[in-house]
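Whatever position you read off the sequence shown (first residue = 1), add 423 for this note's numbering. Where a beta carbon is used, it is the ideal one built from N, C-alpha and C, also for glycine. Note that this is a predicted model, so its numbers are computed, not measured. In what follows, a structure is listed as structure tokens, so that the remarks can point back to it.
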Amino acid sequence: MTTLSHDSDGTGRPVLLLHSTVCDRRMWDPQMVALASAGLRAVRVDLPGYGDSPVPSAPYNPADLVIETLDGIDEFAVVGSSGGGLVALEIAARWPQRVTALALLCTAGPEMNPSAQLRALWSEENALLEAGDVAAATELMVDTWVGPLADDATRAHVRVMQRHAYEVQLAAPEVEELEVPYTVEAITAPTLLISGAHDLPDFRDIAEGLTARLPAATHLPLDWAGHLPNLEDPAALNDLLLPFLTGH
Numbered sequence: 424m425t426t427l428s429h430d431s432d433g434t435g436r437p438v439l440l441l442h443s444t445v446c447d448r449r450m451w452d453p454q455m456v457a458l459a460s461a462g463l464r465a466v467r468v469d470l471p472g473y474g475d476s477p478v479p480s481a482p483y484n485p486a487d488l489v490i491e492t493l494d495g496i497d498e499f500a501v502v503g504s505s506g507g508g509l510v511a512l513e514i515a516a517r518w519p520q521r522v523t524a525l526a527l528l529c530t531a532g533p534e535m536n537p538s539a540q541l542r543a544l545w546s547e548e549n550a551l552l553e554a555g556d557v558a559a560a561t562e563l564m565v566d567t568w569v570g571p572l573a574d575d576a577t578r579a580h581v582r583v584m585q586r587h588a589y590e591v592q593l594a595a596p597e598v599e600e601l602e603v604p605y606t607v608e609a610i611t612a613p614t615l616l617i618s619g620a621h622d623l624p625d626f627r628d629i630a631e632g633l634t635a636r637l638p639a640a641t642h643l644p645l646d647w648a649g650h651l652p653n654l655e656d657p658a659a660l661n662d663l664l665l666p667f668l669t670g671h
């Protein structure tokens with residue numbers, strides 16, 4: 424069994440936190456104490472190739488690895504950010520009886536059709552990495568994904584996480600990421616979808632599309648947010664997230 428690097432705080436009902444692929448589990452620093460103080464147990468993991476979780480040596484499915492890591496936790500809420508939101512969707516769809524609530528922050532989607540703007544961003548990122556300019560690729564990601572309310576310390580925090588992810592992944596051999604078929608219509612958990620006005624429009628469109636497909640979903644667009652609202656204004660995001668989680 425492969426166990427992803429993880430930690431937790433609090434002793435109440437479990438809340439699984441899945442980070443953006445710009446970051447690692449440290450992105451949830453502003454939420455850990457807040458969740459524990461609200462009577463919940465916050466459990467955050469590093470997805471494969473991020474933070475302290477290495478890239479696996481054999482083909483893997485991220486959702487399967489997260490479930491293996493949660494050994495002994497039968498029911499839990501899930502909060503997923505961006506690429507972590509995609510993993511959260513898969514978990515909620517494949518194990519619907521285990522997921523009590525689902526909160527998605529600027530989430531990616533399983534049937535995503537990237538805009539020309541997003542494709543151009545990925546192309547520029549790949550070109551910089553192929554040229555060995557990890558520093559420039561990191562700055563590109565920070566400039567793109569961190570919203571205008573974030574302070575310099577927050578930008579520096581994201582910079583450290585993104586650069587570390589590049590270093591881990593570039594040093595590892597390529598390993599296949601396995602896809603397991605699922606449909607979001609299998610999700611039964613109440614769902615809160617959050618998008619940001621300063622984010623790329625792809626993520627607002629995904630939130631709107633999922634809201635129409637999920638049985639108990641609410642879309643909350645934030646006029647102040649970029650792609651990482653939990654870091655850009657932690658207090659404001661916690662005020663929205665905590666009532667949803669404690670209410671379910």
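Less than 8 Å between CB atoms is the rule here; does residue 436 satisfy it with respect to chain C? Going by chain labels, chain C is absent from the structure shown, which holds only one protein chain.
Buried or exposed (CB count within 10 angstroms, at least 16 for buried), residue 606: By 1-based counting over the sequence shown, the position of residue 606 is 183. Answer is exposed; the Cβ neighbour count stays below 16.
Give me, in chain order, the residues of the same chain whose beta-carbon lies closer than 8 Å to that of residue 569; leave out the 5 immediate sequence neighbours on both sides. Position 146 of the sequence shown, counted from the start, is the residue given in the question as residue 569. Contacts found: 577, 578, 581, 649, 650, 651, 654, 655.
Determine the burial state of residue 601: buried for a count of at least 16 other Cβ atoms within 10 Å of its Cβ, exposed for fewer. Counting from 1 along the sequence shown, the entry for residue 601 is found at position 178. Classification for residue 601: exposed.
Continuous alpha helix (DSSP H) assignments of at least 4 residues falling wholly in the stretch 426 to 485: 452 to 460
Quick check: what's the CA-CA separation for residue 669 versus residue 464? The residue labelled residue 669 in the question sits at position 246 within the sequence shown. The residue labelled residue 464 in the question sits at position 41 within the sequence shown. So the alpha carbons of these two residues sit roughly 11 Å apart.
Distance between residue 508 and residue 485 (C-alpha atoms, nearest Å): The residue labelled residue 485 in the question sits at position 62 within the sequence shown. The residue labelled residue 508 in the question sits at position 85 within the sequence shown. Spanning the two alpha carbons is a distance of roughly 12 Å.
Which term fits residue 555, buried or exposed, when burial requires 16 or more other beta carbons within 10 angstroms of its beta carbon? One-based indexing of the sequence shown puts residue 555 at position 132. Exposed: under 16 other Cβ atoms inside 10 Å.
Residues bridged to residue 500 [DSSP beta-bridge criterion]: What you label residue 500 is simply residue 77 of the sequence shown in a count that begins at 1. 438, per the DSSP bridge assignment.
Using the Cα positions of residue 619 and residue 633, report the straight-line distance between them to the nearest angstrom. Start at 1 with the first residue of the sequence shown, and residue 619 comes out as number 196. Start at 1 with the first residue of the sequence shown, and residue 633 comes out as number 210. Approximately 15 Å, taken between the alpha carbons.
Considering only the beta carbon of each residue, do residue 515 and residue 612 sit closer than 8 Å? For the purposes of this step, residue 515 is identified with residue 92 of the sequence shown, where counting begins at 1. For the purposes of this step, residue 612 is identified with residue 189 of the sequence shown, where counting begins at 1. Yes, the pair counts as a contact, with Cβ atoms nearer than the cut-off.
For residue 592, collect the residues of the same chain with a Cβ closer than 7 Å to its Cβ; drop the 5 residues on either side in sequence, then sort them by chain order. For the purposes of this step, residue 592 is identified with residue 169 of the sequence shown, where counting begins at 1. So the list reads 472, 478, once near-sequence residues are dropped.
Kindly indicate which three-state DSSP category residue 632 falls into: helix, strand or coil? In the sequence shown, residue 632 corresponds to position 209, counting from 1. The answer is helix: DSSP assigns residue 632 an H, G or I state.
How far does the beta strand (DSSP E) with residue 617 in it extend, from its first residue to its last? Along the sequence shown, one-based indexing puts residue 617 at 194. Looking at the DSSP string, the run of the beta strand (DSSP E) that includes residue 617 is 614 to 619.
Cβ separation of residue 488 and residue 552, assumed to be a contact under 8 Å, to the nearest whole Å: The residue you call residue 488 lines up with position 65 of the sequence shown. The residue you call residue 552 lines up with position 129 of the sequence shown. So it is not a contact: roughly 24 Å between Cβ atoms.
Ignoring anything shorter than 3 residues, give me the beta strand (DSSP E) runs that lie fully in the stretch 541 to 585, in order along the chain. none
Can you give the beta carbon distance from residue 598 to residue 483, rounded, assuming they're within the 8 Å contact cut? Looking up residue 598 in the sequence shown gives position 175. Looking up residue 483 in the sequence shown gives position 60. With 8 Å as the limit, residue 598 and residue 483 qualify as a contact, their Cβ atoms being about 7 Å apart.
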